[in-house]
Amino acid sequence: MLDIEVKNKSFKQSESENALSVLTDIEINLNEGEFVALVGPSGCGKSTLLQIIAGLDREFEGTIRWQNGTNQHLEKLGYVFQNPRLLPWLTLYDNIALVLDNPAAKQTQITALLEATGLSAFTSYHPAQLSIGMQRRAALARAFVIEPSLLIMDEPFVSLDRPTAVQLRALLLDILAVRRTTVIFVTHDLYEATQLADRILFLSTSPANVIGETVVGLQRDQRSDETAVNRQYDEIREVFTRLYP
Amino acid sequence: MKFPAYIRQFSSIALLLLIWYVAALLWQNSMLPSPSSVVILVWQEMQNGQLWYHLSATLLRVLISFIIAMLIGSIIGIIMGRSRITDQFLDPWLIIFLNIPALVIIILAYVWFGLEELTAIFAIAINKIPNVIVTMREGARTLEEDYNQMARSFNLSRRKILFYITLPQLLPFFAVAARSGISLIWKIVLVVELLGRSNGVGFQLHLYFQLFDVTGIMAYSFSFIIIMLTIEYALLQPLERKINRWRG
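The listed protein sequences correspond, in order, to chains A and B. Sequential numbering of the first sequence, starting at 1, is according to the numbering used here. Sequential numbering of the second sequence, starting at 246, is according to the numbering used here.
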């Protein structure tokens with residue numbers, strides 16, 4: 001569905017210095033409806049890669065090609081950032097309605113998603129009045145409401161307490177079960193990647209490239225089964241320790 | 246002591262009036278009229294229409310020059326905050342205008358463009374514009390890149406970005422510029438009127454000054470101060486609270 005090829009991406013610190021390369025020779029092919037996790041050490045350029053995929057950063061060597069031949073700007077993208085990035089001056093409902101072209105016509109979708117994320121009672125609250133877990137659920141609802149053809153998630157559950165993270169992962173799986181969406185998901189938590197992804201790509205330290213790939217042998221309905229996830233996790237952790245000695 | 250804040254504020258003003266009253270009683274001199282004679286004059290001027298005539302002339306000048314200053318200052322300030330080249334080019338001008346005394350601008354404006362109403366209004370506005378620029382430039386510089394990225398990834402329209410992302414971030418700075426703007430303008434407007442207009446509170450103060458009539462000076466000063474305080478407390482402060490309501 002989407003072919004990502006980044007030959008080189010570098011940042012220039014200042015006029016005099018040499019450019020610092022952060023991504024090299026990355027090739028990722030995403031299939032329709034697939035959930036791909038990118039795992040790698042902190043600061044290896046994962047967020048930069050996501051920004052390139054989303055078209056927020058166009059200064060790189062390589063191509064982002066959608067298989068139906070369209071320019072990516074026509075594709076609907078849902079983006080869930082590390083911090084929720086809700087607009088603090090808008091209510092929860094308005095934050096979600098904002099990303100729709102015609103929110104009046106899609107009230108039922110908004111309401112359904114708010115219900116699914118357990119936020120129905122808080123639609124008229126401002127983000128500052130909500131817990132960080134609720135804000136992240138709202139960010140999830142905002143990304144899904146546009147019915148994205150690609151959902152980009154940049155460590156969306158990082159630095160949450162464990163119960164909240166577990167709850168949010170379960171929520172994501174629930175929503176995906178209803179609306180199957182192609183997802184590219186960045187995390188440095190291998191367990192999280194195992195539980196959620198169909199395929200895990202391992203990235204090296206900076207300049208990042210793909211150094212390994214593994215398919216997670218779990219069906220979608222097995223992902224809430226802790227023992228099955230744990231079994232897979234043990235296998236994948238072996239791959240992981242070989243890749244990052 | 247456990248009193249609500251407004252009672253303490255009110256009693257401090259009452260105390261001031263009392264001191265004034267006692268001082269006027271002890272020092273029987275026309276240079277220090279008693280509060281009651283000031284109130285009587287205010288009442289008389291209200292009755293004969295003079296007070297409203299001059300107050301409204303001044304308020305109209307305040308209003309028009311305020312709008313002009315906010316508009317021009319905001320536009321230049323936002324451009325300077327967003328474009329580094331413009332900022333570097335205009336910054337020396339800004340510093341010069343920030344430091345020219347208000348009186349110099351007023352005198353030069355009258356000398357060059359004549360003792361006209363338009364000159365008066367622009368002289369007031371030009372005194373205020375640099376402060377608006379500084380505040381709005383700061384606001385435009387601190388626009389959150391995170392929100393901008395969010396907007397671009399969701400492909401929001403320019404109109405939505407302007408109204409839901411950019412302007413709400415600038416609004417608090419606009420409110421600060423507006424409040425400090427009003428308080429600066431209403432001090433300058435009196436000087437402008439004193440030097441070159443034939444109506445307004447400043448003109449009346451000039452007149453009473455030439456007559457050494459302190460009662461008249463006080464009557465017009467206090468009427469004007471009360472109006473400006475009313476605008477501050479009844480209009481600007483509630484507006485600012487409303488703007489900042491979402492800050493939880």
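Ideal Cβ placement from N, Cα and C applies to all residues, glycine included.
Asked                                                                                                                                                                                          : Found
Determine whether the beta carbon atoms of A:K76 and A:E32 lie at a separation below 8 Å.                                                                                                      : no
Which residues, taken in chain order from the segment 188 to 202 of chain A, show a beta carbon closer than 8 Å to some beta carbon of chain B?                                                : none
At the level of alpha carbons, what is the spacing between B:M325 and A:I132?                                                                                                                  : 35 Å
Counting only beta-carbon separations shorter than 8 Å, does B:K405 have a partner in chain D?                                                                                                 : No chain D appears in the structure shown, which is made up of the protein chains A and B.
Within 10 Å of its beta-carbon, does A:L92 have 16 or more other beta-carbons around it, so buried, or fewer, so exposed?                                                                      : buried
Are there three or more Cβ pairs, one per stretch, closer than 8 Å when the segment 386 to 399 of chain B is compared with the segment 349 to 356 of chain B?                                  : no
Give me the residue from A:P207, A:Q107, A:D198 with the minimum Cα distance to A:V215.                                                                                                        : A:D198
Please list the partners that B:L397 has in chain A, where partner means a Cβ-to-Cβ separation under 7 Å.                                                                                      : The residue you asked about is not Leu; residue 397 of chain B is Arg in the sequence shown. Going along chain A in sequence order, the residues near B:R397 (Cβ under 7 Å) are L56.
Who does A:W66 pair with in a DSSP beta bridge?                                                                                                                                                : A:L2
On the DSSP bridge assignment, give the partners of A:L151 in chain order.                                                                                                                     : A:G78, A:V183
Taking 8 Å as the CB-CB cut-off, is B:L401 touching chain A?                                                                                                                                   : yes
Along the alpha helix (DSSP H) that carries A:G33, what are the first and last residues, could you check?                                                                                      : Counting along the chain, A:G33 falls outside any alpha helix (DSSP H), and DSSP gives it neither H nor E.
Does any CB atom of chain B fall closer than 8 Å to the CB of A:P207?                                                                                                                          : no
Any C-beta of chain B within less than 7 Å: which residues of the segment 99 to 122 of chain A qualify?                                                                                        : V99
Can you grab the Cα-Cα spacing for the pair B:G461 / B:F469, in whole Å?                                                                                                                       : 12 Å
Does any CB atom of chain B fall closer than 8 Å to the CB of A:W89?                                                                                                                           : yes
Spatial neighbours of A:I249 within its chain, please: C-beta separation below 8 Å, excluding the five flanking residues on both sides.                                                        : Because residue 249 of chain A is not part of the residues shown, which for chain A are 1 to 245, the question remains open.
Just verifying my parser: in three-state terms, what is the DSSP assignment at A:G40?                                                                                                          : coil
Using beta carbons (cut-off 8 Å, strictly below), is A:F81 in contact with chain B?                                                                                                            : yes
What number of angstroms, rounded off, separates the C-alpha of A:Q109 from the C-alpha of A:W66?                                                                                              : 27 Å
Which residues in chain A sit within 9 Å of B:P413, going by Cβ to Cβ distance?                                                                                                                : L87, P88, W89, L90
So, is the C-beta of B:Q333 closer than 8 Å to a C-beta in chain A?                                                                                                                            : no
Listed from N- to C-terminal order along the chain, which residues in the segment 25 to 58 of chain A have their beta-carbon within a distance smaller than 9 Å of any beta-carbon of chain B? : Q51, A54, G55, L56
Would you mind sorting A:F144 into buried or exposed? The rule is 16 or more other CB atoms within 10 Å of its CB.                                                                             : buried
Exposed or buried, A:R136, counting other C-beta atoms within 10 Å across all chains shown (16 or more means buried)?                                                                          : buried
Around the Cβ of B:F454, are there at least 16 other Cβ atoms within 10 angstroms (buried) or fewer (exposed)?                                                                                 : exposed
Is it true that the CB of B:L480 sits closer than 8 Å to the CB of B:A423?                                                                                                                     : no
Would a check of beta-carbon distances place A:I96 closer than 8 Å to chain B?                                                                                                                 : no
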